[in-house]
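Asker: Supplied in C-alpha cells, the structure appears directly below.
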Amino acid sequence: MMAEWKDFFIAVVGASAALTGLIFVGVSISLSKILAMRGLINRALVSLILLLNVLCMSLFFLIPGQSITVLGIEILGLSIFVWLFVCRFDFQNMYKIEAKYKFRYILNLLIDQTATICFILAGISILSGWDSGAYWIAPAIIISIIKAVLDGWVLLVEIYR
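Spelled out as C-alpha cells, the structure:
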C-alpha cells in the first residue's frame, strides 16, 4: 500500500523544503519588524516546525524496507513531539496577542491543532494496522502547507502594512 504513495511523498518533500526556505527568508528579511511585534516570532517558529514535520513525515514514508510498525512509531512519536511544541508556542502567543486580534489568533491556533492532530491520528491508525491510516497524512500535510504559506505571507507582506 505504501508504494502507491511514493510519488505523493516525493512531491511533498520538495514542496516542504522550498516552503521552509521561504519562511527562513521571510524571517531574515523582516527580523527587526518580527521581533518588534508580540508573538510573531513564535508564529514563524510554529510554521517552520509544521513544515519540518511535513518534510520528516514524507521522508519516513520514503525509507525503503521499513516495517509498518516502525513507520507508525516514527509518525506517532514525531507527531506527539510536534503537537506539544506547537501547543506550547500557540498558547504562549494566546496571552501575548492584543484583544482585537484574539479571534484571528484562535483560528490560527485551530489550524495548527487540526494539522498536528491529523498526524497523531495517522500514527495511531498505522500502528493499529488500519490500511486507511495513511489517509490522515494527506489532510495534515495540506493543512500544514496552507498554514505555512499564509504565515509566509504575513512575514513577508502583511507586517509592512
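Counting from 12, one number per residue, gives the positions in the sequence shown under our numbering.
Ideal placement from N, C-alpha and C gives every residue a C-beta, glycine not left out.
Predicted model only: the values in this text are computed from it and were never measured.
(1) Mind checking Trp164: buried by the 16 CB within 10 Å criterion, or exposed?
(2) Quick check on Met68: does DSSP put it in helix, strand or coil?
(3) In terms of alpha-carbon separation, which member of Trp141, Ile84, Val81, Phe130 lies closest to Leu62?
(4) Quick check: Ser69 and Val23, are their CB atoms within less than 8 angstroms of each other?
(5) With 16 other CB atoms within 10 Å as the buried threshold, where does Arg99 fall?
(6) Under DSSP, the alpha helix (DSSP H) around Lys111 begins and ends at which residues?
(7) Of the residues Ile135, Ala55, Tyr112, which one's Cα is nearest the Cα of Ser90?
(8) Ile60 and Phe96 look like a contact to me (Cβ under 8 angstroms); what is the Cβ gap, rounded to whole Å?
(9) Return the chain-ordered list of same chain residues with a C-beta closer than 7 angstroms to the C-beta of Leu87, the five sequence neighbours on each side being excluded.
(10) Look at the alpha carbon of Ser58 and the alpha carbon of Ile40, and state the distance between them as a whole number of angstroms.
(11) What is the DSSP secondary structure of Trp141, counted as helix, strand or coil?
(12) Quick check on the DSSP output: the alpha helix (DSSP H) that includes Val23 runs from which residue to which?
(13) Under 8 angstroms: do the segment 73–84 and the segment 116–131 share three or more Cβ pairs, one atom per stretch?
(14) Suppose contacts are defined by Cβ-Cβ distances below 8 angstroms. Is Thr127 in contact with Val81 by that definition?
(15) Within its chain, find whatever has a CB closer than 6 angstroms to the CB of Arg49; leave out the 5 residues flanking it on each side and keep chain order.
(16) Would you say Val65 and Ile156 are within 8 angstroms of each other, going by their C-beta atoms?
Answerer: Inspection of the coordinates gives the following:
(1) In the sequence shown, the residue the question calls residue 164 occupies position 153. If you draw a 10 Å sphere on the C-beta of Trp164, you find fewer than 16 other C-beta atoms in it, and that means exposed.
(2) Here residue 68 is taken as the residue at index 57 of the sequence shown, counted from 1. DSSP places Met68 in helix when its eight states are reduced to three.
(3) Within the sequence shown, numbered from 1, the residue matching residue 62 stands at position 51. Phe130 is the residue among Trp141, Ile84, Val81, Phe130 whose C-alpha sits nearest the C-alpha of Leu62.
(4) Within the sequence shown, the letter at position 58 stands for residue 69. Within the sequence shown, the letter at position 12 stands for residue 23. Yes, the pair counts as a contact, with Cβ atoms nearer than the cut-off.
(5) As a working mapping, residue 99 is identified with position 88 in the sequence shown. Within a 10 Å sphere around the beta-carbon of Arg99 sit fewer than 16 other beta-carbons, which makes this residue exposed.
(6) On the sequence shown, position 100 is the one that residue 111 refers to. First-last for Lys111: undefined, no H or E at that position.
(7) For this step, residue 90 is matched to residue 79 along the sequence shown. Closest option to Ser90, Cα to Cα, is Ile135.
(8) Residue numbering aside, residue 60 sits at position 49 when the sequence shown is read from its first letter. Residue numbering aside, residue 96 sits at position 85 when the sequence shown is read from its first letter. At roughly 6 angstroms, the Cβ-Cβ gap stays under 8 angstroms, so Ile60 and Phe96 are in contact.
(9) The residue given as residue 87 occupies position 76 in the sequence shown. Non-local C-beta neighbours of Leu87 in its own chain, meaning closer than 7 angstroms and more than five positions away in sequence, comprise Ile131, Gly134, Ile135, Leu138, ordered along the chain.
(10) Against the sequence shown, residue 58 aligns to sequence position 47. Against the sequence shown, residue 40 aligns to sequence position 29. The straight-line gap separating the alpha-carbon atoms of Ser58 and Ile40 is approximately 16 angstroms.
(11) Position 130 of the sequence shown, counted from the first residue, corresponds to residue 141. In the structure shown, Trp141 adopts coil according to DSSP, grouped into three states.
(12) Position 12 of the sequence shown, counted from the start, is the residue given in the question as residue 23. Per DSSP, the continuous alpha helix (DSSP H) segment holding Val23 begins and ends at 17–40.
(13) With a cut-off of 8 angstroms, the segment 116–131 and the segment 73–84 do not count as touching, because too few Cβ pairs lie within range.
(14) Along the sequence shown, one-based indexing puts residue 127 at 116. Along the sequence shown, one-based indexing puts residue 81 at 70. Pairing Thr127 with Val81 gives a Cβ-Cβ distance that is not under 8 angstroms.
(15) Residue mapping note: residue 49 aligns to position 38 of the sequence shown, counting from 1. The answer, listed in chain order, is Lys107.
(16) Start at 1 with the first residue of the sequence shown, and residue 65 comes out as number 54. Start at 1 with the first residue of the sequence shown, and residue 156 comes out as number 145. Yes. Within cutoff.
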